[in-house]
Structures are given as structure tokens and as C-alpha cells.
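Asks:
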Amino acid sequence: MEGGTVSVTLEVEAGPAAAFEALVDELGASLGRIGIEFSPGPDGRILESGFEVGRVVTWDPPGRALLRWRAAEWDEDDVTELELRCESAGEATRMTLEHRGFGHQFWAEDEIVGWFADQVATPFLARSAPRMYGNWLTDRAARRPYGGFARTSYRDPTHHRPSFGAVLATLRPEADDVLLEIGFGGGAFLEQALRSGCRAAAVDHSSDMVRVARELNADAIADGRLEIAQGDAAKLPFEDDRFTCAAMMQVFFFLPDPAAVLAECRRVLRPDGRLAVFTVSEEARGSPASPEPMASRSRFYTDEELVQLAREAGFAEAHVSRPDLEPFAREAGLPEDVVAFFAADQRAGQLLVAH
Ligand SMILES: C[S@@+](CC[C@H](N)C(=O)[O-])C[C@H]1O[C@@H](n2cnc3c(N)ncnc32)[C@H](O)[C@@H]1O
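Following the working numbering, the numbering of the sequence shown begins with 600 at its first residue and continues without gaps.
1) Assuming contact is defined by CB atoms lying nearer than 8 Å, are residue 683 and residue 664 in contact in what I supplied?
2) Quick test of your reading: residue 824 and residue 799, contact by CB under 8 Å. State the CB separation rounded to the nearest angstrom.
3) For residue 804, is the beta carbon positioned less than 7 Å from some heavy atom of ligand 1?
4) Is it true that the CB of residue 655 sits closer than 8 Å to the CB of residue 634?
5) DSSP three-state label for residue 682, please.
6) Might you give, ordered along the chain, the residues of its own chain that have their beta carbon closer than 6 Å to the beta carbon of residue 725, omitting 5 neighbours on each side?
7) Measuring CB to CB, does residue 610 end up less than 8 Å from residue 691?
8) Going by the DSSP bridge assignment, what does residue 698 pair with across the sheet?
9) For residue 886 and residue 736, I'd like the C-alpha separation in whole angstroms.
10) What's the C-alpha gap between residue 855 and residue 790?
11) With respect to 7 Å, is the separation between the Cβ of residue 753 and the closest non-hydrogen atom of ligand 1 below this value?
12) Which residue comes first and which comes last in the beta strand (DSSP E) that contains residue 850?
13) Quick check on residue 647: does DSSP put it in helix, strand or coil?
14) Kindly indicate the opening and closing residues of the beta strand (DSSP E) around residue 786.
15) I need the boundaries of the alpha helix (DSSP H) containing residue 815, first residue and last residue.
16) Grab me the residues of residue 866's own chain with a C-beta within less than 6 Å of its C-beta, minus the 5 sequence neighbours each way, in chain order.
17) What do you reckon, is the C-beta of residue 784 under 7 Å from a heavy atom of ligand 1?
18) Would you kindly check if the distance between the Cβ of residue 797 and the Cβ of residue 814 is under 8 Å?
19) Throw me the rounded Cβ distance for the residue 711 and residue 603 pair, which I believe falls under 8 Å.
20) Secondary structure at residue 918, three-state DSSP: helix, strand or coil?
21) Quick one: residues in its chain with C-beta nearer than 6 Å to the C-beta of residue 612, no 5 flanking neighbours on either side, listed in chain order?
22) Which residues bound the beta strand (DSSP E) around residue 638?
23) Would you call the region 774 to 785 and the region 844 to 851 touching, i.e. three or more CB-CB distances under 8 Å?
24) Between which two residues does the alpha helix (DSSP H) harbouring residue 878 extend?
25) If you run the structure through DSSP and keep just helix, strand and coil, what is residue 940?
26) How should residue 922 be labelled, buried or exposed, when 16 other C-beta atoms within 10 angstroms of its C-beta is the threshold for buried?
27) Are residue 947 and residue 882 closer than 8 Å when you measure CB to CB?
28) Out of 893, 912, 898, which one is the CA nearest neighbour of residue 862?
29) Is residue 788 a contact residue of ligand 1, with contact defined as CB to any heavy atom under 7 Å?
30) Does the beta-carbon of residue 743, which I'm using as the reference point, lie nearer than 7 Å to any heavy atom of ligand 1?
31) Which residues share a DSSP beta bridge with residue 611?
32) May I ask you to list the residues that DSSP assigns as paired with residue 889?
Written as C-alpha cells, this is what we have:
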């Protein structure tokens with residue numbers, strides 16, 4: 600087999616088995632997001648728009664997986680090899696992804712340098728450069744969470760529970776309420792709110808968060824008390840006048856069009872419906888309540904701006920408070936050092952309440 604060899608390597612502090620499993624899982628999810636289907640295993644395949652690009656010929660985890668690769672769908676002789684290896688390197692594991700024999704279709708031999716610079720090195724450098732790296736970190740952890748860490752942490756977002764307490768103390772849902780939540784993360788607030796006996800529906804644009812929230816609230820969904828939808832806050836997939844109350848925590852600062860979202864809240868709330876939005880203030884920028892790189896990708900509002908946005912969206916009454924979250928942190932059973940953080944950070948949170 601002729602052609603070039605492209606190889607990428609990463610060392611991680613994990614055993615080979617865990618590293619291999621995590622890599623295959625993340626790779627499958629990530630390829631799926633760009634429309635490439637990867638089914639791992641001894642008979643595994645990779646499909647791009649239904650065309651078989653890769654087929655597993657050796658599946659020997661965690662050491663090695665070898666795939667036969669079709670680089671060009673118009674040339675069946677253009678067959679290359681893709682190898683995935685996880686080898687011990689002291690305490691760490693070295694993961695290698697190696698593509699061998701690539702480049703049969705280049706017009707001239709040195710075109711492989713152009714392909715490498717343009718298609719491999721530039722995306723790699725761009726993704727390690729501050730702006731795209733910061734965007735990736737923000738999306739992955741908070742703005743549209745996905746991946747194994749996000750799925751675990753949003754199942755029980757301990758540091759968000761005090762804001763859940765403040766919002767519940769404001770909305771006080773009861774059995775005859777129909778609650779809306781926008782940007783539900785792992786569905787932990789819904790699980791807590793549904794204990795009141797209310798019914799609820801909720802929307803989030805992250806497919807991973809939809810999955811976690813559905814798992815966490817499977818009983819309420821099966822009982823017909825909860826509907827979980829994937830969608831955009833600015834275009835709520837719910838009918839007019841459906842809800843008696845609405846909640847949004849740790850979401851508002853990411854919204855590109857907050858006026859549209861508040862107008863949508865007004866539309867789906869009954870005329871006497873109430874809204875509670877918990878967000879962080881400019882004073883919290885750079886603190887644990889609003890760390891970088893999220894802070895520089897967030898929009899902050901003064902209390903007056905929040906009130907004005909709510910009024911312009913059609914709410915007759917609106918006010919903003921800076922709630923003391925310490926009692927709610929204690930009520931949530933958080934350890935004393937975490938409670939102390941909420942006690943110290945009194946002006947970090949803004950609670951917009953509108954009717
Ligand atoms: C920081 S997390 C907060 C999750 C949860 N509210 C909590 O406090 O734990 C923000 C959530 O809002 C969702 N989100 C952000 N912007 C959104 C939008 N425009 N439409 C729908 N969901 C959105 C994200 O996917 C994510 O799940």
C-alpha cells in the first residue's frame with residue numbers, strides 16, 4: 600500500500616481499557632453529529648450517508664482495532680487502513696489513530712502536504728486556539744452540554760441546587776400547576792419540582808441533556824406527568840396558554856435573543872401565569888458562579904434591564920431581587936464549605952419574577 604501516513608497521538612491518565620472505551624464512545628457520538636455512523640465491535644462499520652467507508656477487520660480492545668477504509672467512493676481500489684491503538688505508557692495510556700496509505704487521488708505527490716496543512720493541521724490548530732477552544736469548552740460544559748462528564752454532572756448539579764430552591768420558593772408549584780422549564784440540563788430541577796404533584800413540560804436544545812433528563816424522570820414521563828422536548832428556547836414547541844408557571848435557571852446569560860424567549864414564555868403562559876428566571880449578574884463575572892470561558896461568552900444585564908425586557912415581552916409586573924442562597928444551599932444538603940461559598944457571594948444571582 601502506497602500513499603501517506605497520518606497519525607495523531609494523545610496520552611491520557613487512564614488505563615488502556617477505560618481509555619479505549621471512552622475514545623470509542625466519544626468518537627461514535629462525535630461522528631454521529633456530522634452525519635457519520637460508527638458502530639463499533641468485531642463486525643463494526645462506518646457509514647457516510649449510507650456508503651460504507653470503513654469496516655472493522657481486527658477488533659482486539661483495548662490494544663488494537665484495525666479498519667479497512669474506502670477513501671474514495673468513485674474508486675474501489677482506493678483502499679487504505681485505519682488503526683486505533685491504546686498502549687500503556689508508564690502510568691498513562693497512549694492513544695493513537697493512524698491512517699495509512701492515504702492520498703491515491705492527489706494530482707501531484709506533494710499535494711499531500713496541502714491536504715495535511717488544510718484538512719488536518721489547520722483544523723487542529725484552530726481548535727486549539729483560544730476562541731474556538733473557549734467556544735468548545737463553553738458548549739460542552741454549559742451552553743449545549745454533551746459528553747460523558749456533562750451527562751454525569753447534570754444528573755445532580757449540586758452548585759445549581761440553591762437556585763432551584765430559590766425558584767421553587769418563588770413559584771410554589773402545587774398539584775394543579777402546569778410548570779414549564781427552559782434549559783433543563785439533566786432534569787434535576789424537574790425531578791425536584793414534580794414532588795409537589797404538579798405536571799410539567801420542558802425544552803432544551805442539547806440531545807445529551809434530553810437523554811439524561813428522560814432517564815432521570817422516566818417514571819413521571821411514563822405516568823403522563825412530564826413531557827421532555829428538544830428545541831430552542833426562542834421557539835417553544837408548546838401551545839398558547841398551556842402553563843401556569845415557568846422557570847429558567849443558568850440559561851438566560853447564553854440567550855442570543857432574550858426578548859424572543861421572554862415573548863415565547865408570555866405566549867405559552869396563561870394570563871395569570873408567573874415566571875421566575877435565575878441568572879448571574881455582572882458582579883459575578885470570573886467568580887465560581889460565572890467562570891471563564893463562560894463569562895466572556897455570556898451576556899449580563901442590570902436589574903433594570905431585566906425588568907424592562909420582561910415588560911416589553913408583555914408581562915404587566917416584573918421585579919428583580921438578589922436572593923440569599925445560603926438557606927437554600929443548606930436545605931439542599933450541600934457540604935458546609937459549599938454553603939459558605941453561597942453565603943459569601945450574596946450579589947451574584949439575580950432573580951427576575953414576572954406576572
Ligand atoms: C448551564 S446549563 C443549566 C441547566 C439547568 N437549568 C441547571 O441549572 O442545572 C444551560 C442549559 O440550557 C440549555 N440551553 C442553552 N441555550 C438554550 C436555548 N437557546 N434553547 C434551549 N436550551 C438552551 C443548555 O443546553 C443547557 O442544558
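All residues carry an ideal CB built from backbone N, CA and C; glycine is no exception.
Note that the coordinates shown come from a computational prediction; the quantities given were computed from them, not determined experimentally.
Replies: Taking the geometry as given:
1) Taking the sequence shown and counting its residues from 1, the one referred to as residue 683 is at position 84. Taking the sequence shown and counting its residues from 1, the one referred to as residue 664 is at position 65. Yes, the Cβ-Cβ distance between residue 683 and residue 664 is below 8 Å.
2) Along the sequence shown, one-based indexing puts residue 824 at 225. Along the sequence shown, one-based indexing puts residue 799 at 200. Yes, residue 824 and residue 799 are in contact; Cβ-Cβ is about 7 Å, under 8 Å.
3) For this step, residue 804 is matched to residue 205 along the sequence shown. For residue 804, the shortest separation between its Cβ and any heavy atom of ligand 1 lies below 7 Å.
4) By one-based count along the sequence shown, residue 634 stands at place 35. By one-based count along the sequence shown, residue 655 stands at place 56. No, the pair does not count as a contact, with Cβ atoms beyond the cut-off.
5) Your numbering for residue 682 matches position 83 in the sequence shown. Reduced to three states, the DSSP call for residue 682 is strand.
6) As a position in the sequence shown, residue 725 is number 126, starting the count at 1. Result list for residue 725: 731, in chain order.
7) Position 11 of the sequence shown, counting from 1, holds the residue named residue 610. Position 92 of the sequence shown, counting from 1, holds the residue named residue 691. Yes; because the gap between Cβ atoms is below 8 Å, this pair is in contact.
8) What you label residue 698 is simply residue 99 of the sequence shown in a count that begins at 1. For residue 698, which the question treats as bridged, DSSP gives the partners 605, 681.
9) On the sequence shown, residue 886 is found 287 positions in, with the first residue counted as 1. On the sequence shown, residue 736 is found 137 positions in, with the first residue counted as 1. If I take the Cα positions, the gap works out to 17 Å.
10) For the purposes of this step, residue 855 is taken as residue 256 along the sequence shown, with counting starting at 1. For the purposes of this step, residue 790 is taken as residue 191 along the sequence shown, with counting starting at 1. Using only the alpha carbons, I get a separation of about 28 Å.
11) The sequence position of residue 753 within the sequence shown is 154, counting from 1. Answer for residue 753: yes, Cβ within range of ligand 1.
12) Taking the sequence shown and counting its residues from 1, the one referred to as residue 850 is at position 251. Following the DSSP letters along the chain, one finds residue 850 in no beta strand (DSSP E), marked with neither H nor E.
13) If you number the sequence shown from 1, residue 647 lands on position 48. Reduced to three states, the DSSP call for residue 647 is strand.
14) Counted from its first residue, the sequence shown places residue 786 at position 187. From DSSP, residue 786 is part of no beta strand (DSSP E); its letter is neither H nor E.
15) To locate residue 815, count along the sequence shown from 1; it is residue 216. Element bounds for residue 815: 806 to 815.
16) For the purposes of this step, residue 866 is taken as the residue at position 267 of the sequence shown. The residues are 839.
17) Working through the sequence shown from its first residue, we reach residue 784 at position 185. Of the heavy atoms belonging to ligand 1, at least one sits nearer than 7 Å to the Cβ of residue 784.
18) For this step, residue 814 is matched to residue 215 along the sequence shown. For this step, residue 797 is matched to residue 198 along the sequence shown. Cβ distance not < 8 Å, so residue 814 and residue 797 don't count as in contact.
19) Looking up residue 711 in the sequence shown gives position 112. Looking up residue 603 in the sequence shown gives position 4. Taking a contact as a CB-CB distance under 8 Å, the pair residue 711 and residue 603 counts as one, their CB atoms being some 5 Å apart.
20) Working through the sequence shown from its first residue, we reach residue 918 at position 319. Reduced to three states, the DSSP call for residue 918 is strand.
21) Here residue 612 refers to the residue found at position 13 of the sequence shown. Here the set comprises 691.
22) Residue mapping note: residue 638 aligns to position 39 of the sequence shown, counting from 1. Note, residue 638: beta strand (DSSP E), 635 to 638.
23) Yes, they touch.
24) On the sequence shown, position 279 is the one that residue 878 refers to. First-last for residue 878: 868 to 879, but that is the beta strand (DSSP E), not the alpha helix (DSSP H).
25) Position 341 of the sequence shown, counting from 1, holds the residue named residue 940. Secondary structure at residue 940: helix, using DSSP grouped into helix, strand and coil.
26) Counted from its first residue, the sequence shown places residue 922 at position 323. Taking all protein chains in view, the Cβ of residue 922 is crowded by 16 or more other Cβ atoms within 10 Å, so the residue is classified as buried.
27) Within the sequence shown, numbered from 1, the residue matching residue 947 stands at position 348. Within the sequence shown, numbered from 1, the residue matching residue 882 stands at position 283. Cβ atoms of residue 947 and residue 882: closer than 8 Å.
28) Taking the first residue of the sequence shown as position 1, residue 862 is located at position 263. Among 893, 912, 898, the Cα nearest to that of residue 862 belongs to 912.
29) Taking the sequence shown and counting its residues from 1, the one referred to as residue 788 is at position 189. Yes, ligand 1 has a heavy atom inside 7 Å of this Cβ.
30) Along the sequence shown, read from residue 1 onward, the residue named residue 743 stands at position 144. Taking the Cβ of residue 743 as the reference point, at least one heavy atom of ligand 1 falls within a distance shorter than 7 Å.
31) For the purposes of this step, residue 611 is taken as residue 12 along the sequence shown, with counting starting at 1. According to DSSP, residue 611 bridges with 692.
32) As a working note, residue 889 is residue 290 in the sequence shown. Bridge pairing for residue 889: 884 [DSSP].
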